[in-house]
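Residue numbers (our numbering), protein chains in the order written: chain G, 13 to 504; chain E, 5 to 220.
For every residue, glycine included, the Cβ atom is placed at its ideal position computed from N, Cα and C.
Working notes for the structure below.
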Amino acid sequence: MFPKSIRWRLQTWLGFLLLCVLAGFGVTAYQLNRTNQFRQIDEELGRRIAALSSDVRGVPPFGPPFGPPPFAPGLDGQAGHPPKPDFHGPRGRPEDFLDSREIRLSPPTASLFSEAGANGFFFAVWSRNGKLLKHSTNAPPALARPERPDSAMHVHAQTEGIVREAFVFTELGECVLVGRAIRVDLAALRRFAWLLVLADATVLALGLGGGWFLTSRALQPVENISAAASRIAQGNLAERINVAETDSELGRLAGVLNSTFARLEAAFLQQRQFTADASHELRTPLAVLISEAQTTLARERSAADYRETLEACLDTAQQMRRLTESLLELARLDAGQDKLNRERFDLAGKARACLDRLRPLAAPRGVQLHADLQPVEVVGDPDRLGQLVTNLLTNAIYYNREGGEVTVSVRREDATAILSVADTGAGIAAEDLPHIFERFYRADKARGTAEGRTGLGLAICQAVVQAHGGTIEVSSEPGAGTTFLVKLPLEV
Amino acid sequence: MRILVVEDEPRLLRSLAKALREEGYAVDTAEAGDDGLFKAQSYDYDAVVLDIMLPKLDGWELLARLRQHKKTLVLMLTARDATHDRVRSLDSGADDYLVKPFDLPELLARLRALIRRAAGQARPSIELGDVVIDLRGRSVTRAGAPVTLTAREYAILEYLAVHRGEVVTRSALYEHLFDESDDTLSNLLDVHVFSLRKKLGAGLIVTRRGQGYCIE
């Protein structure tokens, strides 16, 4: 359930990404802070080590450089001599001298180490031979001289447990070390880390909450669409999705779905109308048959009466046959193109044959038939196209005025065969024109089925033309006549 | 009894009219809605048989307009058997409906029942002293013995019996018993009444001078 829900998947991804970003940010911030802190400590250490090592270097082998130093009475005898940096003086071996040298701190240096306590800086100075020459009182007791690295002239910094220390070796091999306990700094760093974790957790929670809110909002239209679609699926075809914002992606989707639903509903209503019409058209002749037969059988009749009844029944049965055939024809055409025969034939020849067959229909009405036929080879179903021509011609004759004219023409324009059937009848009213291809639509409702009209002729025409990939158009001028124009591609 | 049949299928109209006439009804016909409405408004038909799918004016519209002025009994014929079509028919003022294709005997029975109920006659027979009219079988007995009547005689007797206690004017009798295709001369009515009195007893049908006839 959860992994399939888009909302949960989005939440999971959002949470994962947030976690990555926050973790990266936190680690970076912690590292930066830590580096900064250590750099500050190291700078302090460096300042002190510079002062201290300068003091260490500044101590002359035989005494203080200027006057009697107040803190070193043992070197009084050397007072007044200029500084002589003679490291290989005559008093004993240099090693012994170096080991016994007394280091004194100048006042500024001493003040650097004066602050007492665990956080204070401490120092230690070793001789070349590793003898501890001097150290501050707060130096850790276990302090050992660090190993001499290769680049001894540089300040080296290292962390020993909770102590940060820096050391340097002087030219004489003395090791000067300055350190500081960093317990407080480490504690501050830990506090900072916890603060970061807390902040990250808060941001993560806010982010996930916001994400939930946003996905809920973003998915609300989807929920609406889904709800509307399921109501439509339950049979309420008039249902539509409520489109609040038409410009968003989901709004456009809803718009597209709505128009699809509208087309679906229209098709469904059309189908229902067709079924109702078809049932009406089939039930009425059945009603005629039953009522004729029952009326006639109610009592003894003369032979003429029976004959009349039988003729009426036969007529009605013929009408039902025409209707059934038309309905089947439409059903077959609805079924699709694969049922079409495909042959190459001359459309003009076909039109000529249809025209000749319909002359008996035209003659009693005094309708003149004209033909303007140029040979056009088309590929299609000859029977179906013949039916198309016949239906159009029958309509043209049937709806013509007494002594009117019907003109059928076939010609070719580029890759299109054009068939037109024009009559000089009463024309079709503008309000009927859009509907005349609808099944069972009769522009002239007064003229019912009595004269063999099924109300399906033009619907079949349209279906045949569409099955051949063509178009059929009608133009009509009330009082002057109607023209049907069929355009068929030469190759289907 | 005079009935109007409005139906656009000519053959069905013809056979319905024929069947109804043979049942003794006077029958007028109309093929289009507007024509049907005009006739239904012009006469007080005892019943109208009305198709729904009609040119010019459909059955529902015709019924709606007719109901603005008249309470004429209407039996609707419909080729639509969907429930909502039947409901719509009854709700728009039809008194009954039949779905096509229908059985003629059922149509006739429903018409009889409609007319009988509308006249406040729940039972299918009317007793006038020793004369009993069986509306269902269209037969008359006097003191238990069957009496043979012509269709016209029966129609006059039935109409007067259904409107028992009312004075029925001669013109009303004409309107209800003879349809638009009859060109019966007026004195034939007296001939039929004379014949009825001879067969069923002189006292049954009373003549009100200058007003009409009455069965008391």
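Contact check for Val31 (chain E) against Val52 (chain E) fails: the beta carbons are separated by 7 angstroms or more. Taking a cut-off of 8 angstroms for Cβ pairs, the segment 6-21 of chain E and the segment 297-308 of chain G touch, as three or more such pairs fall below it. Judged by DSSP secondary structure, Met332 (chain G) falls within the alpha helix (DSSP H) whose first and last residues are 315-347.
Taking all protein chains shown into account, Phe135 (chain G) has 16 or more neighbouring C-beta atoms within 10 Å of its C-beta and is therefore buried. In this structure, DSSP gives Asp89 (chain E) a helical state, which the three-state scheme calls helix. Within chain E, the C-beta atoms nearer than 8 angstroms to that of Ala310 (chain G) come from Ala23, Glu26, Leu108, in chain order. Bridge partners of Leu301 (chain G) according to DSSP: none are assigned. Judged by pairs of C-beta atoms under 8 angstroms, the segment 317-334 of chain G touches the segment 288-299 of chain G, as three or more such pairs exist. In this structure, Ala165 (chain E) lies near Ile137 (chain E), with their beta-carbon atoms less than 7 angstroms apart. Following the DSSP letters along the chain, one finds Pro119 (chain G) in no beta strand (DSSP E) but inside the alpha helix (DSSP H) bounded by residues 119-124. With three or more CB-CB distances shorter than 8 angstroms, the segment 385-398 of chain G counts as touching the segment 468-487 of chain G. Taking the Cα positions, Trp138 (chain G) is about 30 angstroms away from Arg46 (chain G).
Rounded to whole angstroms, the separation of the alpha carbons of Leu342 (chain G) and Gly348 (chain G) is 10 angstroms. Gln170 (chain G) and Gly38 (chain G) have their C-alpha atoms roughly 25 angstroms apart. In the three-state reduction of the DSSP assignment, Arg356 (chain G) falls in the strand class, which pools E and B. Non-local beta-carbon contacts of Ile56 (chain E) in its own chain, meaning distances under 8 angstroms to residues more than five positions away in sequence, involve Asp62, Gly63, Trp64, Met80, Leu81, Thr82, Ala83, Arg84, Asp89, Ser93 in chain order. Rounded to whole angstroms, the Cβ separation of Leu445 (chain G) and Ser488 (chain G) is 6 angstroms, and the two are in contact under 8 angstroms. Each residue's CA atom was taken as its position, placing Leu262 (chain G) and Gln43 (chain G) some 45 angstroms apart. Using a Cβ-Cβ cut-off of 7 angstroms, Ser143 (chain E) does not count as an interface residue toward chain G, since no Cβ of chain G sits closer than that to its own. The Cβ atoms of Glu417 (chain G) and Thr436 (chain G) sit closer than 7 angstroms to each other. Following the DSSP letters along the chain, one finds Arg19 (chain G) inside the alpha helix (DSSP H) bounded by residues 18-70. Under a 10 Å Cβ-count criterion, Ile160 (chain E) is classified as buried, with 16 or more other Cβ atoms of the shown protein chains found around its own Cβ. Arg284 (chain G) has its alpha-carbon roughly 16 angstroms from the corresponding atom of His447 (chain G). With a contact defined as Cβ atoms closer than 8 angstroms, Ala365 (chain G) and Val422 (chain G) miss out at about 12 angstroms. For a Cβ distance threshold of 7 angstroms, residue set Ser291, His292, Arg295, Thr296 of chain G lies close to Ala83 (chain E), ordered along the chain. Around the Cβ of Tyr318 (chain G), a 10 Å sphere holds fewer than 16 other Cβ atoms; the residue is exposed. Boundaries of the beta strand (DSSP E) harbouring Pro150 (chain E): 149-151, taken from the DSSP string.
When DSSP states are grouped into helix, strand and coil, Ile115 (chain G) belongs to the coil group. If you ignore the 5 residues before and after Phe179 (chain G), its C-beta comes within less than 7 angstroms of the C-beta of Pro158, His168, Cys187, Val188, Leu189, all in its own chain and listed in chain order.
The Cβ neighbour count for Gly142 (chain G), taken over all protein chains shown within 10 Å, is under 16; the residue is labelled exposed.
Residue-level contact check: Ser303 (chain G) touches chain E, since one or more beta carbons of chain E fall below 7 angstroms from its beta carbon. Taken through DSSP and simplified to helix, strand or coil, Gly222 (chain G) comes out as helix. Taking a cut-off of 8 angstroms on C-beta distances, the segment 368-381 of chain G does not touch the segment 5-12 of chain E, as fewer than three cross pairs fall below it. Closer than 7 angstroms to the CB of Glu13 (chain E) there is at least one CB belonging to chain G. Residue range 144-147 is occupied by the beta strand (DSSP E) that includes Lys146 (chain G). In this chain, the alpha helix (DSSP H) harbouring Val476 (chain G) covers 469-479.
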